[in-house]
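Worksheet for the structure shown next.
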Amino acid sequence: MEVTDAETPAADTPLAARAVSAVKIYGADDTEVRALDGVDIGFARGCFTAIMGPSGSGKSTLMHCMAALDTLTSGQVIIGDTELGTLGDRDLTLLRRNRVGFVFQAYNLVPTLTAMENITLPMDLAGRRPDKNWLNTVISTVGLGDRLSHRPSELSGGQQQRVAVSRAMAGQPEIIFADEPTGNLDSRTGTGILEFMRRAVDEFGQTIVMVTHDPVAAAHADTAVFLVDGRIHGELASPSADEVLDYMKDLGD
Amino acid sequence: MSLLRYTLKSIAGARIRFLLTTLAVVVGVAFTVGVFVTTDGLRSTFGDLSEDIFEGVDLSVRSEVEFGDRDFGAPLVDPALVDDIRSVDGVAAAEGGVFEFNVIAIDSNGEALESIGPPQMGVSWPEDQQLSQVSVWPDGISRPPRGGGEFALDADTARENGFEVGDRYRIIAPTGTREFTLVGLFRFGSSEDATVGAQIAAWDAETAQQVLHDGGGYDSIDVRLAPGASLEAVAAAIGAAIPDNTEVVANEQLVEEQTDEFNEFIGFFQNFLLAFAIVILVVSAFIIYNTFTIIVGQRIRELGLLRALGASGRQITQTVVGEAVAVGLVSTGLGLGFGVLLALGIRALFTAIGADLPDTPITIGANTVISAVAIGVGVTLVSAIWPALRARRIAPMAALAGGAGTAADIKRVPLLGWAMIAAGGAATAAGIASQATGTTVLAAIAASVLLYAGGSRIHPLAGRISVLGLGGALLAAALLVDYSTGDILVLLGLGALFVFVGMNLVSPVFAGPLARFLGWGPARVFGVSGNLSRENAARSPRRTASTASALMIGLALVSMVTVLGQSFKQTLADTLEDSVSADWLVCIDDCNEEFAAFSPLAAEAMAAQPELASVVSYRFRSEAARTAIDGDILDLFSTDLATLDRHIDPDVSAGSLTGIGAGQILLYEDEADDRGIGVGDRIGLEFIGEQRAKFEVAALFADNTILSNWVIDHRDWDRYLTGSQDQFVTAVTAPGYTAEQARSALEAVTVDYPQLEVRDQAEFQANQESQIDTFLAVVNVFLGVSLVIALMGIANTLALSVFERTREIGLLRAVGMVRRQTRRMIRWEGAIVAAFGGIMGVAIGVLFAWAAVIVIPSRFISAMDVPWATLVVYLAIAAVAGLIAASFPALRASRLNVLEAIAYE
Ligand SMILES: Nc1ncnc2c1ncn2[C@@H]1O[C@H](COP(=O)(O)OP(=O)(O)OP(=O)(O)O)[C@@H](O)[C@H]1O
Ligand SMILES: [Mg+2]
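Protein chains in written order, with our numbering: chain A, 621 to 873; chain B, 194 to 1098.
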């Protein structure tokens, strides 16, 4: 069994995570793509942030780099007060396992495991016991009750995404990054998940960063940040769906 | 714990994959276990037999032998000594013991009893009941034989061949064929069937001495101690009473010597079988390795996801290794079970061919279990380790993005590369130079790593070719440097293994083009589906190459054996044509028993027939003498030197055969060159019984296919060695007589020697060829097991490919490919892969055979003859077998549900 060594975040740090001059370049020379081009951003603890921007603007890249799934070309990512650039593979792994939750754009479930097993997988890997009450809360909220013993191939796309969201929430990580968690869901289920995330932030102080293309989804967040061509273009506090829509129209011009 | 659960889940999720992987290991383990259980059983049986043979004998007096095999040619003990020994204090009984091979009873139909291996022998039946290892069969009428006209027979042989107590039978013995009355049956040793298939005739000691040794004496004088007498004291007292060239030994030593002798034979048998087990294991290892590589490749997305969710590199390795351990353990368990079944099968086979093994229970020794686990789990683990290490280096996002994330190319550091290659070369050289098996193996393994890693730092291909080179170097060393037989075998095996691994590494380079070339036919004939077969086989050359590798190994060995067999036949034909001028060849059965021999009276009787112009007999005995020159122990060959040239032309290179006779020696030219001996020199020889004599070298000869290297005259043999039985006879038809008349004349003699077969040159050649064919068939059946495993490997890989290409196949079906076309597509891919493996295998096999022909002494194989037509047939069979092996995955592919397949990710 692995020993859990999640550092308790220093209470005086107001930011759960931040990126400093983050640059990510894919490829080299003539095929070079600057997916992130100097991004400076901080995510406040206990805050629900929506990241928006046109397709290809670097949203997913930012999520991956912040969640220690990928490394920056230059710049820094800091989770709590840990600078990711200083960590080796083992520490990055432990950080992913213990301090970060991730919801993928494609659900990425393990096909041989049941829904329930998928949800507890990160904790299983860490050799940690899930908190039963919290687990029940998560499951009942996303509404998977009777599908828990099914394999991913026996679930609909929406159900699979709900399993993926539950997996990120179940371990109560310091911060959750969600890449279009409601992208494949009908509006009712989507709203359910968004409300659940909102509740997690309000009631349990969970920090969530979510990528979305949907202004209505963004309206559930405390802040909406706009990314264009790998740079921060601006942000809206307590946005409404209309405000987001207007901002995006302006981007188009 | 949870990791274990994950691993188990992932196994359960792919049951067929798991079973297919397991199967390969099971067969390998089962074979090894079968071999061990059988030979352990044999060991315990023969261990008991050794004790039985000397049961009741406390001390034994026999002649001293400094070298050679005392069962063949040791001087006999003077019967007069029996009385001297009896008079020693503490001796309760002392009796002469006689023992001789090639004593054959003739049944009531006039047929000589045959044996497929166990000895046919004659022994003396001691008068002293406690000195006796034989006991009267409790049928009420049996009794021990007494006097010159009676004999007894072991009960097993008697019952199996319908011998009746009271009837008269003829017995073929070294002194000729004579008639005796069967007065009793006996059993030998402690259990009823302890003779293990041997056929034993018994006489009283005096008669046995006359019949078996022509009155020359006893093999030993066996002694039973009086109660309370001290073994040491009696042994010392006897030692003082007997002449210098005799010795007294205790029961313990007798049993031990006998056991060693048996074990040597069993060890040979075991090594023969183990060689096949190793081939099977190597083939299995290739398949397991291949399977794990594919599985890890398929799961790369999944493993990447685990990494993203926080699984450490170590945990990834652990799941892959965990799966390997599970496969290993399950297959070891199954393998043990099947191995025991196999051992039972082998025993049934023994019984079927007449070599009954006593009912020793099948025991599974600790050794057996340890080897089974070492092999089952070990091979699987070793096969899984490379893929597992590769898996842990997967970058999570790269893996998630679609599995393209193979390990980064090795950095090019030419200088370091050359240094490593130099170190690898040095390690190989040091290992070979050490002439110690263990060191050589370790050095070669270290060298392979250094060479591969070093070469790869210069050029990716350089590393792979280096491994191939290492294999070649080991083979060359084994063949060209002087080693002990054991070391040669280890080096050969290791060399072959590295050649195969090297080929596996190098062959992806040409797998693509060659597969395209081979796929030309199917593409032409079957259009789109044939073309897809071709492209599928060509698109992942590494997989095609390693799938084909397993087949390559089996086919390489089969081809090599076939080419060697054919070359052997060719050599035989050449020899008969060039060197044998005799018209007739007479020998026991198939002329292949090293120790089978018969009375010289047979040749004498033939010589007396007017239809035959000349008759010559031949004898051979290994380790019969040693030279005064350098103390080398020699195998001696003996014949009637004066008439030899009418029968055989040994290609005399110096001196001449005219006027040659007793006191002279004929020498193979290489032996003479080695020792700087020339015609006219006199050489001192010391014979096994310590007699010494000087021989004049009369001639040197160049062709030793029939004669062995040192040839003396029968008259000298009779003078210096005991046991003057012949091993074969050649004859020349007299002028004016037809072949049929000559044959009748020979057969008139062999009526008294029904074990002898008369053959002319053509019949002899046909008989020898059919024996070679039988031997080849046996070897190929064993190797065939490895081919079957290799085909399972092809089926396995294709099944995995179908699994992997589910989506793609679904798409093809969606756009209109019918089931038949789908099946055809997969089947022909199997055929192409198998043909590819076949071509590599046949090529390597011919190369191996070529190397072997160069190294095998020319007296066995001097001409290389490649049966191309047979090899082409092998290739065709391989391709067809590949086609059949692919049927199962093809069926699966054609039954995929189109919609589900497309949705599959
Ligand atoms: N592995 C990669 N190799 C090369 N280029 C990449 C890679 N991943 C992303 N990119 C490029 O980086 C840029 C940013 O991609 P990213 O996936 O972050 O966009 P996104 O904002 O998430 O878009 P979407 O809304 O469509 O998901 C794009 O131009 C993309 O083509
Ligand atoms: Mg994206």
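The beta carbon of each residue, even a glycine, is placed where N, CA and C say it ideally should be. These numbers were taken from a predicted model, which means no experiment stands behind them.
Three or more beta-carbon pairs separated by less than 8 Å link the stretch 787-797 of chain A to the stretch 750-758 of chain A, which places the two stretches in contact. A504(B) belongs to the set of residues whose beta carbon lies under 9 Å from a beta carbon in chain A. Annotation for R1052(B): no alpha helix (DSSP H) segment contains it, and DSSP assigns it neither H nor E. Residues of the same chain with a CB within less than 6 Å of the CB of F531(B), apart from the 5 flanking positions on each side, are A223 in chain order. F693(B) has no beta-bridge partner at all, per DSSP. Between R875(B) and E864(B), the C-beta gap is not smaller than 9 Å, which leaves the two residues out of contact.
With distances taken between CA atoms, L537(B) lies nearest to T231(B) out of I681(B), D966(B), T231(B).
A distance criterion of 8 Å places the beta-carbon of Q781(A) beyond contact range of ligand 2, judged by its closest non-hydrogen atom.
In this structure, L375(B) sits away from D347(B), with a CB-CB distance that is not shorter than 9 Å. Annotation: the continuous beta strand (DSSP E) that includes V316(B) extends over 313-318. Ligand 2 never approaches V1073(B) closely enough for any of its heavy atoms to be under 8 Å from the residue's Cβ.
If you compare the alpha carbons of V281(B), D909(B), R339(B), A932(B) with that of A855(B), the shortest gap goes to D909(B).
For A746(A), the closest Cβ of chain B is nearer than 9 Å. Around the CB of A470(B), 16 or more other CB atoms lie within 10 Å, so the residue is classed as buried.
For D953(B), DSSP records a beta bridge to W777(B). Rounded to whole angstroms, the gap between the alpha carbons of A1042(B) and A655(B) is 26 Å.
For A639(B) and A581(B), the gap between their C-alpha atoms comes out near 20 Å. Interface with chain B (9 Å Cβ-Cβ cutoff): R767(A) is excluded. Within the same chain, Cβ atoms closer than 7 Å to the Cβ of M1033(B) are found at M696, S700, A741, M745, the five residues on either side in sequence being excluded. At least one CB of chain A lies nearer than 9 Å to the CB of A588(B). When the beta-carbon positions are compared, L574(B) and A519(B) stay at least 9 Å from each other.
The Cβ neighbour count for F461(B), taken over all protein chains shown within 10 Å, is under 16; the residue is labelled exposed.
Where W1061(B) is concerned, the enclosing alpha helix (DSSP H) starts and stops at 1061-1078. Under a criterion of Cβ atoms nearer than 7 Å, no residue of chain A is adjacent to Q491(B); the nearest Cβ is some 11 Å distant.
Straight across, the Cα-Cα distance linking G355(B) with D776(B) is about 37 Å. Going down the chain, each residue whose beta-carbon is closer than 7 Å to a heavy atom of ligand 2 shows up: K679(A), S680(A), Q725(A), D799(A), E800(A), V831(A). Residue contact with chain A for L1004(B): absent (no Cβ-Cβ distance below 9 Å to any residue of chain A). Residue state for D799(A) is assigned as strand, using DSSP reduced to three classes. Under the Cβ distance rule, P731(A) counts among the residues neighbouring chain B, one pair being separated by less than 9 Å.
Contact residues of the stretch 694-709 of chain A toward chain B are D709 (C-beta to C-beta distance below 7 Å). For L725(B) and A731(B), the gap between their C-alpha atoms comes out near 10 Å. Of the residues A504(B), R336(B), L424(B), the one whose Cα lies closest to the Cα of D709(A) is A504(B).
Interface criterion not met: the Cβ of E997(B) is under 9 Å from no Cβ in chain A. Against chain B, the CB of P801(A) has no partner CB under 9 Å away; the residue lies outside that interface. Chain-order list of chain B residues neighbouring H684(A): M590, by C-beta distance under 8 Å. Short note on V697(A): C-beta not closer than 8 Å to any heavy atom of ligand 1.
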